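Student: Sharing a structure, written as structure tokens. Questions coming.
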Amino acid sequence: MTDFADAALAVTARLRALFPATPLQRNDHLSERFGADIWLKREDLSPVRSYKIRGAFNAMRKRLAEAPDQTLFVAASAGNHAQGVAYNCRHFGVRGVIFMPVTTPQQKVQKTRTFGGDAIEIRLVGDYFDATLADAQAFCAAEGAHFLSPFDDPHVIEGQSSVAAEILSEMVAPPDIVVLPVGGGGLSAGMRSYFRDAAPGTELVFVEPQGGASLTAALAAGAPVTLPQVDTFVDGAAVARIGTRTFEALRDVDPADVLIAPEDRICTTILEMLNVEGIVLEPAGALAIDALPALADRIRGKTVVCVTSGGNFDFERLPEVKERAQRYSGVKKYFILRMPQRPGALRDFLDLLGPEDDIARFEYLKKSARNFGTVLIGIETARPENFDTLLRRLDRTDFSYRDITGDPALADFLI
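In my numbering, the protein residues as written are 698 to 1112.
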């Protein structure tokens, strides 16, 4: 064992004073579907429903050992890191000030407040995270507080490695493949460092969201780069720039082992796990499972562990998740329809629909035209191929239409 592996085992043991090891559960549904022995490392079942509690615990513990008089800690986060820091502030009996964007959903603010209690103060600052972070760091400088990084800190990386240590301690033999999500890189750097020492034969596959593929960009450039734009839907892993320290542990990863997950496809995985297994996953928590179809040939007959990294899902987002999943699966589409303004035109259009087609939205966009009216129409169906039939029927009529389902500008504006 190296010094890092020994340190990982030590922090894993110390974490037992905070919470028991998260479950490692075989999933029969996924195992049967992919012809593999698939296990889920349920970080969504930690006390704060994510693995972030681990790194925050270790970083805070190490700081208090170095500076026993340190009583003030600061974090900037819109989600899981904030909750992990809040929980640990109360555990260690220190004061925490947590900066969160003004736009943070109230559910996350309240959860953070619940975990921290009187030990923390929450400050809502800035519409975007960059402004929140700048205020947090300015506060640290002025007050002599200690800033707790969400990922780019050696003690955080060491703390997150405890996920890997628990996996190996709970299995008879090391798994063939571990699939894990990547955001800022704290979890992946820690787990890779531990597996490299303790189970070098285990292959690691990394999954990041399409709208925040910071590891992919860094590997291509040979160094961390800042993405020009980030889709924040996968808020637990949508990071514009992977950490400098975390990238050092990941710089020799084979780019072929880094998979990209489209946000809409992740929604189908969230719904599948909720409806079939009763497992509530946030978008980042579903990343590892979402990659399994792309790995189907590689994992067949193998023992595979997927890290479900978080379950802080706001159910107010469920309609959006369902909508995006349906669009990705091809069973819901939106059209701009030019309809003749004559009696019976609407009935003629309805007669084109098949028995499994349903109108989910119908809205006139322009009512001043004398001969034609423009309609935004959303249609749901049971099978994607039903749209082929519908469009063939439409093409034989005097209705003109435009499919805007995949047009991000029009879809975002109109839908």
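All residues carry an ideal CB built from backbone N, CA and C; glycine is no exception.
Since we're looking at a predicted model, the values are computed, not measured.
1) Per DSSP, what are the beta-bridge partners of residue 1000 in this structure?
2) Among the candidates 1032, 963, 1059 and 969, whose CA atom is the shortest distance from the CA of residue 1021?
3) Classify residue 928 as helix, strand or coil using the three-state DSSP reduction.
4) Counting C-beta neighbours from all protein chains within 10 Å, is the total for residue 762 16 or more, i.e. buried, or is it exposed?
5) Using a threshold of 8 Å, state whether the C-beta atoms of residue 919 and residue 935 are closer than that.
6) Please classify residue 811: is it buried, with 16 or more other beta-carbons within 10 angstroms of its beta-carbon, or exposed?
7) Let me know if residue 1005 comes out buried or exposed under the rule of 16 or more other beta-carbons within 10 Å of its beta-carbon.
8) Which same chain residues end up closer than 6 Å to residue 944 when comparing Cβ atoms and leaving out the 5 residues on each side of it in sequence?
9) Helix, strand or coil: which one does DSSP assign to residue 854?
10) Which same chain residues end up closer than 6 Å to residue 760 when comparing Cβ atoms and leaving out the 5 residues on each side of it in sequence?
11) Assess, as a yes-or-no matter, whether the stretch 940-956 is touched by the stretch 876-892 under the definition of 3 or more beta carbon pairs within less than 8 Å.
12) Drop a sphere of 10 angstroms on the beta-carbon of residue 911, count the other beta-carbons inside from all chains shown, and report buried for 16 or more, exposed for fewer.
13) Assuming residue 731 contacts residue 971 (C-beta within less than 8 Å), just tell me the rounded distance between them.
14) With the cut-off set at 8 Å, would you say residue 1057 and residue 1082 are in Cβ contact?
15) Taking the alpha helix (DSSP H) that residue 787 belongs to, which residues open and close that run?
16) Kindly confirm or deny that the stretch 1084-1102 and the stretch 1032-1051 touch, where touching means at least three C-beta pairs closer than 8 Å.
17) With DSSP as the reference, label residue 1028 as helix, strand or coil.
18) Inspect the CB distances between the stretch 783-790 and the stretch 802-817 and report whether three or more fall short of 8 Å.
19) Check whether the stretch 864-879 touches the stretch 835-853, taking contact to mean three or more Cβ pairs, one atom from each stretch, closer than 8 Å.
20) For my contact list, residue 981 and residue 880 are in at a C-beta cut-off of 8 Å; report their separation, rounded to the angstrom.
21) With DSSP collapsed to three states, give me the class of residue 795.
22) Please classify residue 1099: is it buried, with 16 or more other beta-carbons within 10 angstroms of its beta-carbon, or exposed?
23) Looking at the structure shown, is residue 819 part of a helix, part of a strand, or coil, going by DSSP?
24) Skipping 5 residues on each side, what residues in its chain have a beta carbon closer than 7 Å to that of residue 897?
25) Given this structure, state the Cα-to-Cα distance separating residue 1122 from residue 1107, to the nearest angstrom.
26) I need the straight-line Cα distance from residue 832 to residue 796, nearest angstrom please.
27) Distance, Cα to Cα, residue 821 vs residue 806?
28) Mapping DSSP to helix, strand and coil, what is residue 1006?
29) Please go through the same chain and pick out, in chain order, the residues whose beta-carbon is closer than 7 Å to the beta-carbon of residue 733, but skip the five residues on each side of it.
30) Who are residue 1061's beta bridge partners in DSSP?
31) Give me, in chain order, the residues of the same chain whose beta-carbon lies closer than 8 Å to that of residue 788; leave out the 5 immediate sequence neighbours on both sides.
32) What does DSSP give as the partner residue(s) for residue 748 in the beta ladder?
33) Name the one or two DSSP bridge partners that residue 726 has.
34) Run through DSSP, which three-state label would residue 1099 get?
35) Between the beta-carbon of residue 775 and the beta-carbon of residue 798, is there less than 8 Å?
Tutor: Checking against the coordinates, here is how it stands:
1) 734
2) 963
3) coil
4) exposed
5) no
6) exposed
7) buried
8) 915 and 921
9) helix
10) 767 and 843
11) yes
12) buried
13) In fact, because the Cβ distance is near 19 Å, the residues do not count as touching under 8 Å.
14) no
15) 777-789
16) yes
17) coil
18) yes
19) no
20) 7 Å
21) strand
22) exposed
23) strand
24) none
25) In this structure the chain extends from 698 to 1112, so residue 1122 is not present and cannot be described.
26) 8 Å
27) 9 Å
28) coil
29) 996, 997, 998, 999 and 1001
30) 1072
31) 715 and 754
32) DSSP lists no partner for residue 748.
33) Bridge partners of residue 726: none, in fact.
34) strand
35) yes
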